Amino acid sequence: MAIPEGTLQNILEQESLKWVFVGGKGGVGKTTCSSILSILLASVRQSVLVISTDPAHNLSDAFQQRFTKIPTLVNGFNNLFAMEVDPKVESDDLTNDEGLDSFVSELSNAIPGVDEAMSFAEMLKLVQTMDYSVIVFDTAPTGHTLRLLQFPTTLEKGLAKFMSLKNRFGGLITQASRLFGLGDEFSEDAMLGRLEGMRDIIQQVNKQFKDPDMTTFVCVCIPEFLSLYETERLVQELAKFEIDAHNIIINQVIFDDEAVESKLLKARIKMQQKYIDQFYMLYDDFNITKLPLLPEEVTGVESLKRFSKHFITPYKPALTKGTLEELQQRVSTLRLQLKEAEEELDKLKRGKHKV
Ligand SMILES: Nc1ncnc2c1ncn2[C@@H]1O[C@H](COP(=O)(O)OP(=O)(O)OP(=O)(O)O)[C@@H](O)[C@H]1O
Ligand SMILES: [Mg+2]
């Protein structure tokens, strides 16, 4: 049965898109795919920012250029920027004064994740003011990403907790900060203001995240059981958070177009096909894009650009099975292998005579 091959063209055509998340299991190709998507988007949108929220920063590896938490122009582009943020380190910068520092650590003991939530909010605030047309997120492996998407709720809780503390202790915090000579900016009202400000931003962004015109999540996977399983979990969680997802990238597909003779490869191809079929069955309402497994890594702007063609035109195997062309290819492969084996044999024979 011929299934129409999907591409990621739909992302490039959706002009209202503001946030594109790219996520999936570890090592499946999230960074590669988000880098390529941002390169492609840069050709159709005014300005693009790609952000890595994975502490194991790898945008720098993919583009082979050093990035920091400040958006930096990617070499060779005039409208593509990249930045790498580390939620843990960011929160240190955020709390560069002692009063707030201990306050945040108190709060994060009470509500795990609130410090991360605050630094994420700070980052979003920064990004919001910078006015990029579209922002691509290279996310950390699944669990972490889903936590990021829960931040508004976490902050909400933080605020409620703070309010209850405030009511219970009255002006105690303010009094204490005056007593210790800390300025007004350490007062509970200042802190409360700061938290509330962040909540506003995060609520605003969260509204955008739930708007399918503005936000979409691209799931990256490989044709293996665990990845299929993880993708299903991800798709369900996204539905729960009301975040749109309608693209699946199946990366590292071995195409049977090289007249493959290796038994191992043949077995892998068969196994992959089984899971690819399942993906098509489970996600018949998604755009499914298959990307070929390359013999080499995809790093550097040039190879990212070269690989990007598979995002917009379906991969076409060079050979069709059973054709004259394929048989000729197989015969020549076998001839080559025979020649190599004969040479090997010759060498062995000669070696033996010498002994
Ligand atoms: N189709 C492919 N063919 C060959 N190599 C690939 C392919 N896709 C990705 N790679 C390579 O595999 C490695 C892992 O890819 P990538 O870093 O994009 O994965 P990731 O999902 O971001 O990993 P992590 O979870 O560690 O962040 C990289 O070295 C990349 O160049
Ligand atoms: Mg990565």
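Residue numbers (numbering that gives the first Met the number 0): 0 to 354.
Idealized CB from N, CA, C, for every residue including glycine.
All values derive from a computational prediction rather than experimental measurement.
Taken through DSSP and simplified to helix, strand or coil, Val219 comes out as strand. Separation of the CB atoms of Glu83 and Ser51 is rounded to 5 Å, and the pair is thereby assigned contact status at 8 Å. In this structure, DSSP gives Thr71 an extended state, which the three-state scheme calls strand.
Rounded to whole angstroms, the separation of the alpha carbons of Thr322 and Arg334 is 18 Å.
In this structure Ser46 touches Asn78 by the C-beta definition: roughly 5 Å separates them, less than 8 Å.
The residues Leu281, in chain order, have a CB closer than 8 Å to that of Glu231 in the same chain once the five nearest residues on each side in sequence are set aside.
Assigned with DSSP and collapsed to three states, Gln63 falls in coil, not helix or strand.
Distances taken from the Cβ of Lys29 to the heavy atoms of ligand 2 include one shorter than 7 Å. Beta-bridge pairing by DSSP links Ala266 to no other residue. A direct Cα-Cα distance of roughly 10 Å separates Gly192 from Leu158. Ile10 is not a Cβ neighbour of Asn250, given a cutoff of 8 Å. Sorting Ala120, Gln277 and Ala41 by C-alpha distance to the C-alpha of Gly196 places Ala120 at the top. Inter-segment contact for the stretch 34-42 and the stretch 306-317 is present: three or more beta-carbon pairs are separated by less than 8 Å. When the Cα atoms are used, Ile311 and Thr6 turn out to be separated by approximately 5 Å. Proximity of the stretch 330-350 to the stretch 20-29 falls short of the contact definition, fewer than three beta-carbon pairs being nearer than 8 Å.
Remark: three or more beta-carbon pairs, one from each stretch, lie closer than 8 Å, so the stretch 125-136 and the stretch 16-25 are flagged as touching.
Under the 10 Å beta carbon count, Gln271 is surrounded by 16 or more other beta carbons and is classified as buried.
Under the three-state reduction of DSSP output, Ile248 falls in the strand class.
The alpha carbon of Glu223 has as its nearest neighbour, out of Asp255, Asp276, Glu241 and Leu233, the alpha carbon of Asp276. About 7 Å separates the Cβ atoms of Val234 and Cys218, confirming a contact at the 8 Å cut-off. In terms of Cβ geometry, Lys262 and Glu241 do not form a close pair [threshold 8 Å]. Around the beta carbon of Asp284, fewer than 16 other beta carbons lie within 10 angstroms, which makes this residue exposed.
Ligand 2 has no heavy atom closer than 7 Å to the beta-carbon of Asp199. Counting only the Cα atoms, Val49 lies some 6 Å from Phe80. Around Phe62, the same chain offers Ser34, Val73, Ala81 and Val300 as residues with beta carbons nearer than 7 Å, after the five sequence neighbours per side are excluded. Under the three-state reduction of DSSP, Phe240 is assigned to coil, being neither helix nor strand. Listed in chain order, the beta strand (DSSP E) elements of length 3 or more contained wholly in the stretch 5-51 are 18-22 and 47-51. For Lys289, the enclosing beta strand (DSSP E) stretches over residues Asn286 to Pro291. 8 Å or more divides the Cβ of Phe150 from the Cβ of Ile200. Annotation for Pro140 indicates a beta carbon within 7 Å of some heavy atom of ligand 1. Annotation: Pro70 to Met122 spans about 11 Å, alpha carbon to alpha carbon. Relative to Thr214, the option among Leu303, Ala55 and Asp243 whose CA is nearest is Asp243.
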